[in-house]
Ligand code: NI
């Protein structure tokens with residue numbers, strides 16, 4: 539499931555993030571965090587992973603998402619790696635690749651299976667040329683270029699790429715989540731069921747059918763969740 543979530547950060551928050559990244563950010567070659575295949579196709583810069591600024595901004599994003607019902611419903615997170623930040627300019631790009639299946643938190647032995655990939659856009663689409671995130675699924679290639687403060691989440695199993703940024707600068711945060719539900723099709727079904735229950739509740743209140751469906755939702759989650 540490819541899902542766009544709007545306004546995770548306000549425009550004021552985006553402005554503050556951008557200002558800090560420009561003033562205090564220590565940018566390094568993006569190839570520091572990829573394996574061999576990725577290193578051959580990745581041309582961008584990354585905020586030094588583990589730096590004070592990366593931790594500060596990363597924690598703010600994680601706090602926002604911890605309190606975001608739609609993100610929770612779509613990702614069903616078990617654990618999430620600290621967000622990383624990247625910057626593409628001057629033709630920078632990241633060719634077609636698939637993200638590593640198992641990752642570890644910087645400075646920790648804690649392993650994480652990447653189920654859900656997320657990109658949070660920090661540049662407005664009119665600030666740069668190119669730079670579309672293209673995600674491939676069975677319906678073909680989807681182009682994603684969102685307003686600053688919005689995010690896209692997609693299954694980490696998908697091949698994807700970032701097209702060259704020919705003008706301007708594209709700044710974004712990205713991170714991986716291990717979901718309680720490994721399988722994307724099951725996660726998508728649970729998300730759709732949850733959204734339908736919420737809309738049923740919104741329209742008719744806490745009726746008996748909404749309670750029953752909510753019971754089914756939790757029983758499916760109980761069947762499928764890996765904790
Ligand atoms: Ni990737």
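In our numbering, the protein residues as written are 539 to 765.
Built from N, CA and C at the ideal position, the CB exists for glycine as well.
This structure is a prediction, so every number in the text was calculated from the model and none was measured.
Distance between residue 621 and residue 695, taken at the CA atoms: about 19 angstroms.
It is roughly 17 angstroms from the alpha-carbon of residue 643 to the alpha-carbon of residue 624. According to the DSSP assignment, residue 569 belongs to no alpha helix (DSSP H), since it is labelled neither H nor E. In the DSSP secondary-structure assignment, residue 623 is bridged to 711. For the pair residue 611 and residue 729, the CB atoms are nearer than the 7 angstroms cut-off. Proximity of the beta carbon of residue 637 to the ligand NI is indicated: a heavy atom of the ligand is located closer than 6 angstroms.
Look at residue 558 here: in three-state DSSP terms it is helix. Around the beta carbon of residue 653, a 10 Å sphere encloses 16 or more other beta carbons of the protein chains shown; the residue is thus reported as buried. Closest by C-alpha distance to residue 716, out of 615, 675, 765 and 630, is 615.
Between residue 650 and residue 619, the beta carbon gap of about 6 angstroms places them in contact (Cβ cut-off 8 angstroms). DSSP places residue 678 in the uninterrupted beta strand (DSSP E) bounded by 678-682.
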